[in-house]
Amino acid sequence: MAIRNSSKIGIPMPMLNIVGSSFLLDDYPNTSGHSYSLRQLSSTVTNVVRVRRTTDNAEQDFTATGLTDGTLDLFCGEDQGHVAKWYDQSNSLNVYNFTALQQPLIYIGEEGGLLLQNGKPCMEFDGVDDTLQVLLPAPYASSYYLFAVNAFVGPIGEDKYYIYGLNDPGAINPTHMSSYINQSLLTTELKLRGTSDLVGTMTTNPTLQSLYYNRQIDSPVAQSVVNVNGQNISSLAANGAKDINTIHIGSSTIPDGHSKIRLQEFILYFADPASNATAIESNINTHYSIY
């Protein structure tokens, strides 16, 4: 069969779910964190996403294979499909949005078919009010290690376009990630504790599919690092994360911080992957063929 992209061009269905003979979370478990992807990350996982079709608001769960083997096509038909829930493949804290008009798009309908970015399934946030989120239980983590596969839907101006937001319990010091164009420079910004910015220049266009690895640590030395496509963009000492009790995907934690982005994977470790970080990046890059 063929999958249709946003240009309604049929392309052969690629092998989308398995890279090599094992799954990322089987090799690099994320037992204390949260892992969201449109591919299968664990051998024990079945469903990866729940989709709502627009005509009757019916919902159905899908495996990674079900997104590409015609099952989603049969469910949506000529209707649009929106993500109602993105399943946590590490634990049971799924990100969701019960408000239909605020759910990201995954299926175009009217022969547009499954949304693809660089040949792999993606979901698109509208930049107005789309978001997926979940509250985290105590005790809260104060350090995190995030791997995200994202493309900003251009054109990008000088406004800030947020991939995610992580709130502290008091909602006073949010952490969020954005990319934007600063004059003629391609720039990423990581906003720390809601007060200071970590800025660095990218060598790739943020409207292209990119792999972000963001690290914020409180101890033993507080630091924050932004890494894009294997390149260390910027780092800052003596400025770590606050306790995290909320995950926002597709938006920051501020009212006007929504983004028009195409997201495929969002893996949030609270335990330091240490030397495995490079191998995790390699696994992701091999699957998505980013750089």
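Using my numbering, you'd call the opening residue of the sequence shown number 546 and step up by one each time.
For each residue, glycine too, the CB sits at the ideal point set by N, CA and C.
Cβ neighbour criterion (16 or more within 10 Å) applied to residue i
{"i": "Glu656", "result": "exposed"}
{"i": "Thr644", "result": "exposed"}
{"i": "Thr823", "result": "exposed"}
{"i": "Asp571", "result": "exposed"}
{"i": "Gly615", "result": "exposed"}
{"i": "Val593", "result": "buried"}
{"i": "Ala683", "result": "exposed"}
{"i": "Val590", "result": "buried"}
{"i": "Asp713", "result": "buried"}
{"i": "Asp601", "result": "exposed"}
{"i": "Thr613", "result": "buried"}
{"i": "Ala819", "result": "exposed"}
{"i": "Val673", "result": "exposed"}
Test item: CB-CB of residue i and residue j under 8 Å
{"i": "Gln662", "j": "Gln776", "result": "no"}
{"i": "Met668", "j": "Val640", "result": "no"}
{"i": "His579", "j": "Thr676", "result": "no"}
{"i": "Leu583", "j": "Phe568", "result": "no"}
{"i": "His707", "j": "Ser797", "result": "It should be noted that the sequence gives Tyr, not His, for residue 707. Against a cut-off of 8 Å, the Cβ pair of Ser797 and Tyr707 comes out as a contact."}
{"i": "Leu711", "j": "Ile778", "result": "no"}
{"i": "Leu659", "j": "Leu617", "result": "yes"}
{"i": "Thr576", "j": "Ser635", "result": "yes"}
{"i": "Phe811", "j": "Tyr632", "result": "no"}
{"i": "Leu691", "j": "Asn642", "result": "no"}
{"i": "Tyr689", "j": "Tyr833", "result": "no"}
{"i": "Gln761", "j": "Ser755", "result": "no"}
{"i": "Thr599", "j": "Gln625", "result": "yes"}
For residue i, the three-state DSSP class (helix, strand or coil)
{"i": "Asn790", "result": "coil"}
{"i": "Ser566", "result": "Since pLDDT at Ser566 reaches only 48, below the 50 mark, its modelled position is unreliable, and the value read off the structure follows with that caveat. Ser566 falls in the coil class under three-state DSSP."}
{"i": "Glu703", "result": "Confidence is the limiting factor: at Glu703 the pLDDT is only 49, short of 50, which leaves the residue's position unreliable, though a coordinate-based value still follows. In the structure shown, Glu703 sits in coil (DSSP, three-state: anything other than H, G, I, E or B)."}
{"i": "Tyr833", "result": "helix"}
{"i": "Asn575", "result": "coil"}
{"i": "Ser796", "result": "strand"}
{"i": "Phe815", "result": "coil"}
{"i": "Leu617", "result": "helix"}
{"i": "Ala696", "result": "strand"}
{"i": "Ala686", "result": "strand"}
{"i": "Gly664", "result": "coil"}
{"i": "Gly611", "result": "helix"}
{"i": "Asn777", "result": "strand"}
{"i": "Ser827", "result": "helix"}
{"i": "Asn750", "result": "coil"}
Cβ distance (whole Å) where residue i is taken to contact residue j below 8 Å
{"i": "Gln853", "j": "Ile794", "result": "Because the chain here runs from 546 to 836, residue 853 falls outside it and cannot be looked at."}
{"i": "Thr749", "j": "Val773", "result": "7 Å"}
{"i": "Tyr652", "j": "Val596", "result": "7 Å"}
{"i": "Ser687", "j": "Asp788", "result": "5 Å"}
{"i": "Phe697", "j": "Ile806", "result": "5 Å"}
{"i": "Gly654", "j": "Glu623", "result": "5 Å"}
Exercise. Going along the chain, which unbroken runs of the beta strand (DSSP E) with 3 or more residues stay wholly within the stretch 628–654?
Worked result: Runs found: 650–652.
Problem set entry | Secondary structure, beta strand (DSSP E): runs of 3+ residues fully inside the stretch 578–608 | Those beta strand (DSSP E) runs which fall completely within the stretch 578–608 and span 3+ residues are 579–582, 592–598 and 604–608.
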